[in-house]
Structures are given as structure tokens and as C-alpha cells.
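What follows is a single structure, written as C-alpha cells, with notes after it.
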Amino acid sequence: KLLGKWELHTYNLKDIKRVRLIRRADGYYCQFCLNITVTDIQPKTGKEIGLDVGIESFYTDSNGHQEPNPKLLRKAETSIKKSQRQIYKKVKGSSGRRKARKVYAKKHLKVSRQRNEHA
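Below, the structure written as C-alpha cells:
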């Protein structure tokens, strides 16, 4: 199943420059790098803005607007710690330990995806 906006069969094979297979906690993904020309569809407004990314606030712009830090990892820490304890209770090499590791990896993946949504 191909996720995204474009159908892959509409491109020539010569337009596909690189294929990357990625293994994540919830499955395997395939990324395609394509040789395409990018056109900017939004009109230029002539206004510029500066962003400062920090620890105390997620970002501060030059207009003075501050976005609070969501602290995604801090909120998920308790469930991550609990799933990590479940790994240590299992026997090494057992299928139960492998399942517990998968649960632990999925919790970390969820936090990283939330971080990407806020960026």
C-alpha cells in the first residue's frame, strides 16, 4: 500500500533516484527520492518572521508570540518506565520479552511522532 499524495507508477523509473527501507516499531516503510521540479504555490507576502527555538518555550517568533513547550516525553515517561520494567521481568530470548520490547518501542515511536507533529 502506498501512502502519500502521488501514485508511484506515474513517474519514470529514471526519476526515482533512491529507495530507502526503514524499520520502525510498527512496521517497515519505504521512502522514494524523486527527481522533480518544485514550484512554490503560495504567493509572496513580502513579510518576514524570525523564529527562536528553545527549551523553555517551544518557539518564540519576532512578533513576540510564544508557543509553550508541550513536554511530550515528560508526559509519557511513566508509561515508558512501566513498559521498560516489563522487559526486565522477562527471560532473555523469550517471546514474551520480544513482545514487551515491541510495546516499549511503540511508546517511544509515539512520542517521536508527536514531536514531529508539533515541529
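The sequence shown begins at 205 in this note's numbering and counts up one residue at a time.
Don't be surprised by glycine CBs; every beta carbon is placed ideally from N, CA and C.
Remember, predicted model here, so these are calculated numbers, not experimental data.
Comparing alpha-carbon positions, the option among Ala280, Thr264, Tyr233, Arg222 lying closest to isoleucine 240 turns out to be Arg222. Leucine 277 and glutamate 211 have their C-alpha atoms some 35 Å from each other. In the displayed model, glutamine 246 falls within coil according to three-state DSSP, outside both helix and strand. If you compare the alpha carbons of Arg224, Leu313, Asp219, Leu217 with that of glutamate 281, the shortest gap goes to Leu313.
In this structure, glutamate 252 keeps its C-beta atom at 8 Å or more from the C-beta atom of tyrosine 263. At a Cβ-Cβ threshold of 8 Å, isoleucine 291 and alanine 304 count as neighbours. When secondary structure is reduced to three states using DSSP, tyrosine 215 falls in the coil class, being assigned neither helix nor strand.
DSSP places threonine 282 within a helical segment (H, G or I) once states are collapsed to three.
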